[in-house]
DNA sequence: ATGATGCTTAGCCATGTCGCTAACTATCAT
DNA sequence: ATGATAGTTAGCGACATGGCTAAGCATCAT
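Chains as they are written, first to last, in our numbering: chain A, 774 to 886; chain B, 774 to 886.
Structure (structure tokens):
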């Protein structure tokens, strides 16, 4: 049952951090330099660098260096695996709603005790 | 720009682990006892318990105890915040494709050097 | 009432994460 | 060639994570 999806783990892990999500939000407005990402977050450069490497390993951003300036940009397709997984799960989970309801009744009974 | 979404962090973090995703896959087939989840994963009970509490805190599962048996079941709506966030991002990211392409050209130039 | 069963708690170990500072390298401007 | 600027590397500290064992508690069957 699709037990090993390291890419999904990388992806979800990268998204599971408010700082990284706000970096992505900033990059959604357009490419930015590392320093541009450091200022609004109030974080030091090395800290930002680490977040960027997590995002890059997850495939969520791409970076390139021109002179001494590194520019970061979003990779929109990177979200697809997550989206696909969520859709698949939703499909399966909802098709089991009958059983879920049976469980909910049991749970309610338990809660009432 | 929606900087603080602790629920999203909990959610993505819960999903960022293959063991937890396979527990969810198992639960997608219907509610199960803790022991039922322990056997296929090959993990010890306390380990499974910890994963379950992570999943429960993220709102992804609900559990109830009847006698000495705890039953776990999926909470389908729990995926919605993640799905919504992904959809929003995709919308924004894709609307910036023009800028992205400009960046891609620059990146290609850099890669070639 | 005894033992088996199912879960729970406490606590250990190795490793990973997230922030930092300090020091280094590389580039650009003068 | 000097200094400012942009990024990078190394390494620290506090804490979280993911696995385990051992021991405890509660319930069910006999």
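C-beta: ideal position from N, C-alpha, C; glycine also.
A quick note: this is a predicted structure, and the numbers were derived from the prediction, not measured.
Can you tell me whether residue 839 of chain B is helix, strand or coil according to DSSP? strand
Report the residues of the region 808 to 828 of chain B with a CB closer than 7 Å to any CB of chain A, ordered along the chain. none
Proximal chain A residues relative to residue 801 of chain B, where beta-carbon distance stays under 8 Å: 862, 865, 866 and 869
Backbone secondary structure at residue 855 of chain A - three-state DSSP: helix
Secondary structure at residue 799 of chain B, three-state DSSP: helix, strand or coil? helix
Residues of chain A with CB under 7 Å from residue 855 of chain B, in chain order? 859
Using a Cβ-Cβ cut-off of 9 Å, state whether residue 794 of chain A counts as contacting chain B. yes
Buried or exposed for residue 846 of chain B, please, with buried defined as at least 16 other CB atoms from any protein chain shown within 10 angstroms of its CB. buried
For residue 867 of chain B versus residue 831 of chain B, is the C-beta spacing smaller than 9 Å? no
CA nearest to the CA of residue 798 of chain A, picked from A:849, A:822, A:862 and A:838: A:849
On the DSSP bridge assignment, give the partners of residue 806 of chain A in chain order. A:844
List the residues of chain B whose Cβ lies closer than 7 Å to the Cβ of residue 789 of chain A, in chain order. 782, 785, 786 and 789
Express the C-alpha separation of residue 783 of chain B and residue 816 of chain A in angstroms, rounding to a whole number. 22 Å
Report all residues from its chain with a CB closer than 8 Å to the CB of residue 801 of chain B; omit the five preceding and five following residues, and keep chain order. 847
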